[in-house]
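Chemist:
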Amino acid sequence: MAAGGADGAHRDDTSKLKGLIAQWVNVEFKPDPSVDLDDKYTRGFINEACGRLLCPTELDWNSPVTKAGIQDHLEGYIITELSFPAYLYDKYTANLDNLEGLFKGKILVQGYKAVFTSPSSAKDIGGDGNGTNVIENN
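So in this note's numbering, spot 55 of the sequence shown is number 120, and the numbers just go up one at a time.
#1: When you compare only the Cα positions, how much space is there between residue 196 and residue 83?
#2: Distance, Cα to Cα, residue 88 vs residue 137?
#3: What span of residues does the alpha helix (DSSP H) with residue 108 cover, start to end?
#4: Could you tell me if residue 199 is buried or exposed, where buried requires 16 or more neighbouring beta carbons within 10 angstroms of its beta carbon?
#5: For the alpha helix (DSSP H) containing residue 134, list its first residue and its last residue.
#6: Using CA coordinates, which residue listed in 130, 189, 154, 111 is at the minimum distance from residue 165?
#7: Determine the DSSP secondary structure at residue 112, reduced to helix, strand or coil.
#8: Mind checking which residues open and close the alpha helix (DSSP H) that includes residue 168?
#9: Buried or exposed: residue 64, going by 16 or more other Cβ atoms within 10 Å of its Cβ?
#10: Tell me, please, which residues DSSP counts as bridged to residue 154.
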């Protein structure tokens, strides 16, 4: 019985997280058009802000060639499980020679807080912005 309740709570958290992430992207990047909270077909690489966050750090999302390559699944632009998207990194950029900012992206940290503490705790990311205080303070 307890496992069923935990599974239900997990589904609720995951469902809420989808909407929260869309809201956070809209607030942080102010895309036009904004990410529709109810329409998953307006997300992903077809949305400018989402594409920027999902783009592997070794590629330049600002390049029209990169955008077309990813969207059309061209060789050299295929996204795999080994692709590290920008949202994983602090300030959404990576120094490929140094992994210092890895797993410190603001939206990633907000997602962590929403799932492991509470959705309301994810509204404000305090500290110096590097995400380490989330683990230290929770």
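Ideal Cβ placement from N, Cα and C applies to all residues, glycine included.
Modeler: The short version:
#1: In this prediction, residue 196 has a pLDDT of 45, which is less than 50 and means its spatial position is unreliable; what the coordinates show is noted afterwards. Taking the straight line from one Cα to the other gives about 21 Å.
#2: 27 Å
#3: Per DSSP, residue 108 belongs to no alpha helix (DSSP H) and is neither H nor E.
#4: For residue 199, the pLDDT reaches just 44, beneath the cut-off of 50, and the residue's location in the model is therefore unreliable, although a value from the coordinates is still provided. Buried, because 16 or more other Cβ atoms sit within 10 Å of the Cβ of residue 199.
#5: 129-136
#6: 154
#7: coil
#8: It is not in any alpha helix (DSSP H) - residue 168 carries neither H nor E in the DSSP assignment.
#9: Nothing can be reported for residue 64: it is not among the residues displayed for the chain, which extend from 66 to 203.
#10: 167
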